[in-house]
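Asker: Heads up, the sequence shown is in my numbering, so the first residue is 212 and it goes up one at a time. Virtual Cβ for every residue (Gly too), placed ideally from N, Cα, C. Please read all numbers here as calculations on a predicted model, not as lab measurements. Questions regarding the structure given below will be posed in turn.
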Amino acid sequence: MPRIEWVELNEFQHATGILMAAEGADSIPFEIKRVYCLYDLDPTARRGFHAHRELEQVLFCLHGSCRVLLDDGFEKVEALIDRRNRGLMISRMTWREMFDFSDGCVIMVIASMHYDEADYIRDYDEFLQILAD
Ligand code: T46
Numbered sequence: 212m213p214r215i216e217w218v219e220l221n222e223f224q225h226a227t228g229i230l231m232a233a234e235g236a237d238s239i240p241f242e243i244k245r246v247y248c249l250y251d252l253d254p255t256a257r258r259g260f261h262a263h264r265e266l267e268q269v270l271f272c273l274h275g276s277c278r279v280l281l282d283d284g285f286e287k288v289e290a291l292i293d294r295r296n297r298g299l300m301i302s303r304m305t306w307r308e309m310f311d312f313s314d315g316c317v318i319m320v321i322a323s324m325h326y327d328e329a330d331y332i333r334d335y336d337e338f339l340q341i342l343a344d
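Right, dumping it as structure tokens:
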């Protein structure tokens, strides 16, 4: 079964607010090359439907919650992401689908590589074939 691996970031509480920081090759287990966000999400939508050949990512819900299905080609597991400082590690060669977006859900993804469409495997049968090779 794909392991649910969490990455916890320290929150610095202050009377005037909270600060949360992420550092590459430290609290984030790889060098950070890219950060992107998803917001204004349709709560009924399902996104993702792909795996990555090499990309490693940590997915945080900065506001609200969502669910992520992880599939290693053998088994599937679902993770609920509902704490802004607890990110879900998504390793390479893991099929992922995101769904159940709460109202106003804001997702931040920290990634180990620049955007590269060639790194995506968007066909599930191809994903299984690559794993079998
Ligand atoms: C992933 C999940 C969690 C860019 O131009 N640059 C980028 O850095 C990204 C991430 C996307 N795009 C473009 C490519 C598409 O035209 O944005 C459009 C939407 O991307 P996509 O359909 O891949 O979005 P999701 O939500 O299905 O997947 C995204 C990431 O692409 C993916 O790596 O793991 O979030």
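Tell me whether V320, by its Cβ, gets closer than 8 Å to a heavy atom of the ligand T46.
Answerer: Correct: V320 has its Cβ closer than 8 Å to the ligand T46.
Asker: Suppose you measure from the CA of A322 to the CA of S302; what does that come to, to the nearest Å?
Answerer: The alpha-carbon atoms of A322 and S302 are separated by roughly 10 Å.
Asker: Thinking just about the alpha-carbon of each residue, which of S276, C316, F241, C272 is nearest to the one in E265?
Answerer: The shortest C-alpha separation from E265 is found at F241.
Asker: Measuring CA to CA, which of D283, A226, W306, M319 is closest to I292?
Answerer: The candidate whose alpha carbon is nearest that of I292 is M319.
Asker: Among Y335, F271, M304, I229, which residue has its Cα nearest to the Cα of L239?
Answerer: A quick correction: the sequence has Ile, not Leu, at residue 239. It is F271 whose Cα lies nearest to the Cα of I239.
Asker: Under a three-way DSSP split, which group does Y250 fall into?
Answerer: Three-state DSSP puts Y250 in coil, outside helix and strand.
Asker: Looking only at C-alpha atoms, which of M300, A233, H263, G235 sits nearest to L339?
Answerer: Ranking M300, A233, H263, G235 by Cα distance to L339 puts H263 first.
Asker: Going by DSSP in three states, E289 sits in which element: helix, strand or coil?
Answerer: Correct three-state label for E289: strand.
Asker: What are the partner residues of M300, as DSSP defines its beta bridges?
Answerer: Paired residues: V269.
Asker: Report the partner residues of F331 according to the DSSP bridge assignment.
Answerer: Contrary to the premise, residue 331 reads as Tyr rather than Phe in this sequence. Bridge partners of Y331: H263.
Asker: Around the ligand T46, what residues have a beta-carbon under 5 Å from a heavy atom of it, in chain order?
Answerer: Cβ atoms closer than 5 Å to the ligand T46 belong to Y247, R258, G259, Y326.
Asker: So, are the CB atoms of Y250 and V317 less than 9 Å apart?
Answerer: Yes, the pair counts as a contact, with Cβ atoms nearer than the cut-off.
Asker: As a quick exercise: from H274, S276, F260, pick the residue whose alpha carbon is nearest that of Y335.
Answerer: Of the listed residues, the one whose Cα sits closest to Y335 is F260.
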